[in-house]
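Oh and the sequence shown: position 112 is 112 in the working numbering, straight run, nothing missing.
A virtual CB, placed ideally from N, CA and C, is assigned to each residue, including glycine.
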Amino acid sequence: VQLQASGGGLGQAGGSLRLSCTASGDRFRITLMGWYRQAPGKQRELVATIVIGGTTDYADSVKGRFTISRDIRKNTVYLQMNNLKPEDTAVYYCVTDNRIGVRSWGQGTLVTVSS
């Protein structure tokens, strides 16, 4: 399984960035797509997920600011990040689960938010 993420980079506090991630090569149906992040010196944490039925889940720290969405036909997940904060600075990882429970991780894309 290959997960190709894009859209990271430098943002300003109060600004916006959009991440995207396209999955390919999974023999089994993808049932969940999402994003985790890992800030320097911290553990990896859930940011947002979206399951096959469309239900979403967000970390409390991003609720109301980030929106996860997907294009099923393209096997692509998006993360719209608004009202960025310096504490959003992290490496963001795309993740997918398939119907047999296998989780795949992308290589990570760096998001840096300046104050």
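In the structure shown, what three-state DSSP assignment does residue i receive?
i, result
"D60", "coil"
In the DSSP output, what is residue i paired with across the bridge?
i, result
"V91", "Q38 and L110"
"I30", "N98"
"I50", "M33 and T56"
"L79", "L19 and I68"
"S6", "S20"
"Q43", "Answer by DSSP bridge pairing: none, since Q43 is not bridged."
"G11", "V113"
In chain order, what residues of the same chain lie with their CB nearer than 7 angstroms to the CB of residue i, ignoring the 5 residues before and after it?
i, result
"G108", "V91, Y92 and Y93"
"T67", "Q80"
"N98", "D26, F28, R29, I30 and T31"
Spatial neighbours of residue i within its chain, please: C-beta separation below 8 angstroms, excluding the five flanking residues on both sides.
i, result
"Q2", "A23, S24 and G25"
"V62", "V47, A48, M81 and D88"
"R18", "G7, Y78, L79, Q80 and M81"
"R70", "M33, I50, T76, V77 and Y78"
The beta strand (DSSP E) spanning residue i covers which residue range?
i, result
"Q104", "According to the sequence provided, residue 104 is Ser. The question's Gln does not apply to it. First-last of the beta strand (DSSP E) with S104: R103 to W105."
Between which residues of its own chain and residue i is the CB-CB distance below 6 angstroms, once the five residues before and five after are set aside?
i, result
"W105", "Y93 and V95"
"G15", "L84"
"R65", "N82 and N83"
"R44", "Y36 and Q38"
inquiry  = For the structure I just gave you, are there three or more beta carbon pairs, one from the segment 100-115 and one from the segment 80-90, closer than 8 angstroms?
reply    = yes
ask   = Any contact of the segment 25-36 with the segment 47-54, i.e. 3+ C-beta pairs under 8 angstroms?
value = yes
query = Quick one: any contact between the segment 32-46 and the segment 71-85, if contact means 3 or more CB pairs under 8 angstroms?
reply = yes
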